[in-house]
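Numbering (my numbering), first residue to last: 1358 to 1672. Yeah, the Cβ is synthetic: ideal placement off N, Cα and C, and Gly gets one too. Quantities reported herein were computed from a predicted structural model and do not represent experimental measurements. Scroll down for the structure; my scribbles are underneath it.
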Ligand SMILES: Cc1ncc(COP(=O)(O)O)c(C=O)c1O
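What follows is the structure, given as structure tokens:
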């Protein structure tokens, strides 16, 4: 919903600049919008594009590097109306698209909107040691993140930041005549729903109790713990498929069948939970460290459990 809302604002603005009122007239007969995504775009964003009538498959997919980062030099020369969707935090590797390079590449194009899907990765910007990963993000027109991921509040706490408040309201506003204005900020002019629970309370409480430093420490601790687990696996002879720059670790246990058996054993053992994924053609186990509750001792126990489960496979 956060990505949906940001991209609805994008759709409004790029079409308005092309002389089209999409909220009033829909997309029938509208000027075409070029939508650009990296080849490693999260499936959620494609779903959002389909919900907005922009099409999952009609997108321009830009080649990525070995970490899944969009290659800015591969973005074609664009003409507006256009929307570029960058990613801050690949779900497998944790890698960020090079947002500053993307900005540089598209800067001179008229009528182009830059949206960033930062579902979990954007939280890295709260840590002084990791903020450089998101260089250029301040140039984005909209960005989305999930407080239910690294801030550890309950589902479903998506957040969207839209630079131009007018664009957000134009895309989301219920008819002004629907309910009389109280003169205060009315939430239903900023989000898809008219009625919804006060999701902001938990986010406010978590932010308040952690403070700026607490949040930075949470991010740093989890990233350090991910590095620790990757080092332990590597020392035991397993291949780590990603650069561990954030909280994600991809470990290979060899062929796909063996990997799936080890993953199942790790899950059945229950010391920790890790899922399976396929990264650039290789089956792997994905370790994500993102809980405020995870201690260094948990990491040591988890590493030990994973190694035991892999050894049980004769590895
Ligand atoms: C980059 C990215 N975008 C979007 C999502 C979807 O988030 P949600 O499950 O909160 O809709 C995820 C989930 O992992 C993600 O990693």
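Contact belief for residue i with residue j at Cβ below 8 Å, rounded distance in angstroms
i            : j            : result
residue 1445 : residue 1473 : 5 Å
residue 1359 : residue 1517 : 4 Å
residue 1504 : residue 1459 : That pair is no contact at about 25 Å.
residue 1493 : residue 1457 : 3 Å
residue 1398 : residue 1442 : 7 Å
As assigned by DSSP and simplified to three states, the class of residue i
i            : result
residue 1645 : strand
residue 1390 : coil
residue 1546 : helix
residue 1445 : strand
residue 1587 : helix
residue 1660 : helix
residue 1574 : helix
residue 1503 : strand
residue 1429 : helix
residue 1566 : helix
residue 1471 : strand
residue 1651 : coil
residue 1609 : strand
heavy atom of ligand 1 below 6 Å from residue i C-beta
i            : result
residue 1476 : yes
residue 1503 : yes
residue 1399 : yes
residue 1606 : no
residue 1419 : no
residue 1448 : yes
Residue i versus residue j: straight-line alpha-carbon distance, rounded
i            : j            : result
residue 1373 : residue 1524 : 10 Å
residue 1496 : residue 1575 : 26 Å
residue 1602 : residue 1381 : 45 Å
residue 1378 : residue 1597 : 49 Å
residue 1623 : residue 1652 : 19 Å
residue 1542 : residue 1585 : 46 Å
residue 1547 : residue 1519 : 10 Å
residue 1609 : residue 1450 : 13 Å
Selected residue, minimal CA-CA separation from residue i, among the options
i            : options                   : result
residue 1649 : 1624, 1603, 1616 and 1578 : 1578
residue 1452 : 1435, 1433, 1488 and 1410 : 1488
residue 1616 : 1364, 1634 and 1461       : 1634
residue 1405 : 1587, 1367 and 1595       : 1367
residue 1423 : 1594, 1513, 1636 and 1481 : 1636
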